[in-house]
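If you read the sequence shown in this note's numbering, its first letter stands for residue 665, the second for the next number, and so on. A virtual CB, placed ideally from N, CA and C, is assigned to each residue, including glycine.
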Amino acid sequence: MVCAAVSLAGGSATATATSLSRRPALDLHSRRLLWARAMSHVAPRLSSATVGAPTPDHDQRPARARAVAAQAGVRQALISLSDKTDLANLGNGLESLGFSIISTGGTASSLEAAGVNVTKVEQITHFPEMLDGRVKTLHPSIHGGILARRDQEHHLEALNEHGIGTFDVVVVNLYPFYDKVTSGTITFEDGIENIDIGGPTMIRAAAKNHKDVLVVVDHHDYPALLKYLQENQVDPQFRRMLAWKAFQHVASYDSAVSEWLWKQSSGGDIFPPSFTVPLSMKSTLRYGENPHQKAAFYGDRSLSLVNAGGIATSFQHHGKEMSYNNYLDADAAWNCVSEFENPTCVVVKHTNPCGVASRQDVLEAYRLAVKADPVSAFGGIVAFNTTIDEDLAKEIREFRSPTDGETRMFYEIVVAPGYTEKGLEVLKGKSKTLRILEAKRSGKNMLSLRQVSGGWLAQESDDLTPEDITFTTGSERAPTDSELSDAKFAWLCVKHVKSNAIVIAKDNCMLGMGSGQPNRVDSLRIAFRKAGEAAKGAALASDAFFPFAWKDAVEEACENGISTIAQPGGSMRDKDAVDCCNKYGVSLLFTGVRHFRH
């Protein structure tokens, strides 16, 4: 009974009392002296609650029930931080408001260095940090003081009985697990040790009891916290927002741990049975696709997207704020231009590439890409896979529309992997509103998510390139080297066009494209209308097979002078397509790969 009762006190008092059972029997007087020594060691370190009835006889109640509360009315703040940004300001601010500050390890040292008086957690728990830091704050003296409801008398009586004080403020952020496991140098064992246990537990406890405890996980909230306390505000909404932010902070943290552990144990399976996508708002947008729709832009903090590049992580050098449609169009343009190795320009309108050209001279590539469909290019997005220097910037700035030779081309966005200092200066002079983005090349093998009513679809990204597949000749006539090159270029373009999709290309330049039509013949006719006479001798790529050939898309393509057709094949009437191409002397290539894009 002696050991059980005194062990509640923890720390050295536990050791003192426990030792009684290991010594030879003592007389009652000696026992009482040892008890007095133990309790004199414990009592001064017990934190405050309210003092209840007079101390009962020691044989009737646990020893800690006789703890004398610390000074009544002193508010306590518990601070434990990995990211110590603005910690000194927070500590001094709380201390100036009369708070007694309880802290852990490195946080306590930083506060002391800033001149803040600190009580270390082990002085409250009477239990040392142990297990290489795995156990610091996991103790009733901490969590009892956080979770106790102040409007429940029996909660306060329980605190008083065990000598536990309440906490009014809890400020915690977590081990930098995300940064550690994405550094590329961490072992599995080190990753495990960087999983925070005590921090999330304190945050969740404080957030649950937010009616009585203010919980802060973000240093940007320190000024608002201090103002709230200084003005003695009573604002349940403020407390709820802090609690929401706290739970969100822990949820995002746990999702990173879960994703990391799945990658360590799944054998490369990219489809876990369940997962969480940790999104963080980067900005609110003026509106969505249309002015009556509200919208916002969120960044994805998934581990798989670290250093993945893309528009979400791009830097805006200049121009108006990005809109919902700007993000969609810029993403489409950047994903398309990133496919090409040679200097390339892509022009996009409403997420469809309306002009694509590759040349060793990127200025020529730009001119040809715009020329493919100058009407659609006006007001579009222009993307390059090379650095924009002064010469290219001047060309973009001064280029006149090929339709009349007079109208200066207008663009919503220019995106590139980099800019020279002079090139950026020239582009900024084109327009105050021109959005100039710098982006890193988009990653591959990403998980693509798309929302449907009541759920989400997940798939691997469509990353195949011409080098990944085989272009098999199905016709009697094989393509020449230049025709095969044109077919591969058209095939790479068509994967970025909305289905049903047709692209006509020659000499690494898109001449025309048809997109988004319910039937393939209409898309083909649109592409030929755009290409005009230039289609003769060009290559044509289709995103899917041709269900019919005679008096349909294949025969129309042959009659319009196409030299080579690239399509996946797989139709019941593939032989008709072969026979039709043989009749007209057209080379037919089967890729075996479909490129639907909905």
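When C-beta atoms of the region 978 to 997 are compared with those of the region 947 to 954, three or more pairs fall below 8 angstroms, so the two segments count as touching. Of all alpha-carbon atoms in GLN1231, GLN787, VAL879, THR768, the one lying nearest the alpha-carbon of ARG904 is that of VAL879. For the pair ASP832 and ILE856, the Cα-to-Cα distance works out to about 32 angstroms. The three-state secondary structure of GLU1028, taken from DSSP, is helix. DSSP, read as helix, strand or coil, puts GLY809 in helix. For the 9 angstroms CB-CB criterion, ARG868 and VAL914 form a contact. Inter-residue distance for LYS1096 and ALA1033 is about 24 angstroms (C-alpha atoms, whole angstroms). The continuous beta strand (DSSP E) containing ILE765 extends over residues 763 to 767. When rounded, the separation of the alpha-carbon atoms in GLY1107 and GLY973 is 6 angstroms. Under the three-state reduction of DSSP, LYS872 is assigned to helix.
Between the region 1178 to 1189 and the region 1145 to 1156, the count of C-beta pairs closer than 8 angstroms stays below three; the two stretches do not touch.
At the C-beta level, VAL1011 and LEU1056 stay beyond 9 angstroms of one another. For GLU1131, the closest of LYS1092, ASN1109, GLU1003 by C-alpha to C-alpha distance is GLU1003. Going by C-alpha positions, SER1139 is about 15 angstroms away from ALA1221.
Taking a cut-off of 8 angstroms on C-beta distances, the region 1110 to 1122 does not touch the region 1225 to 1233, as fewer than three cross pairs fall below it. The residues GLY1138, SER1139, LEU1252, in chain order, have a CB closer than 7 angstroms to that of VAL1242 in the same chain once the five nearest residues on each side in sequence are set aside. Residue pairing from DSSP places THR1136 in a beta bridge opposite PHE1254.
Spatial neighbours of GLY1087 in its own chain (CB-CB distance under 6 angstroms, excluding positions within 5 residues in sequence) are listed in chain order as ILE1052, ASP1053, GLU1054, ALA1057.
Sixteen is the threshold: since fewer than 16 other Cβ atoms of the shown chains lie within 10 Å of the Cβ of PRO887, the residue is exposed. Distances from the alpha-carbon of ALA960 to those of HIS826, SER944, ALA1154 put SER944 closest. Three or more beta-carbon pairs separated by less than 8 angstroms are not found between the region 890 to 904 and the region 842 to 853, which leaves the two stretches without contact.
DSSP links ASP747 through a beta bridge to no other residue. Membership of ILE1045 in the beta strand (DSSP E) is indicated by the continuous run 1044 to 1048.
Residue burial annotation: LEU1175 is buried, with at least 16 other C-beta atoms found within 10 angstroms of its C-beta. DSSP places GLU1076 in the strand class (E or B) of the three-state scheme. GLN897 carries a coil assignment under DSSP once its states are collapsed to helix, strand and coil. As DSSP reads the structure, TRP1120 sits in a beta bridge with GLN1115.
In this chain, GLU1102 is not harboured by any alpha helix (DSSP H); it is covered by the beta strand (DSSP E) spanning 1099 to 1102.
Scanning the region 966 to 1015 for uninterrupted alpha helix (DSSP H) segments of 4 residues or longer gives 988 to 1001, listed from N- to C-terminal end. Bridge partners of LEU949 according to DSSP: ALA959.
The alpha-carbon separation between LYS1170 and GLN912 amounts to approximately 52 angstroms. Straight through space, the alpha carbons of VAL1020 and THR768 are spaced by roughly 59 angstroms.
ASP964 sits in a strand when the DSSP states are folded into three classes. A Cβ-Cβ contact shorter than 9 angstroms links PHE841 with ASN858. In the structure shown, GLN1231 falls within a strand segment according to DSSP collapsed to helix, strand and coil.
If you keep only unbroken alpha helix (DSSP H) runs of at least 4 residues inside the region 1182 to 1252, you get 1184 to 1195, 1217 to 1223, 1238 to 1248.
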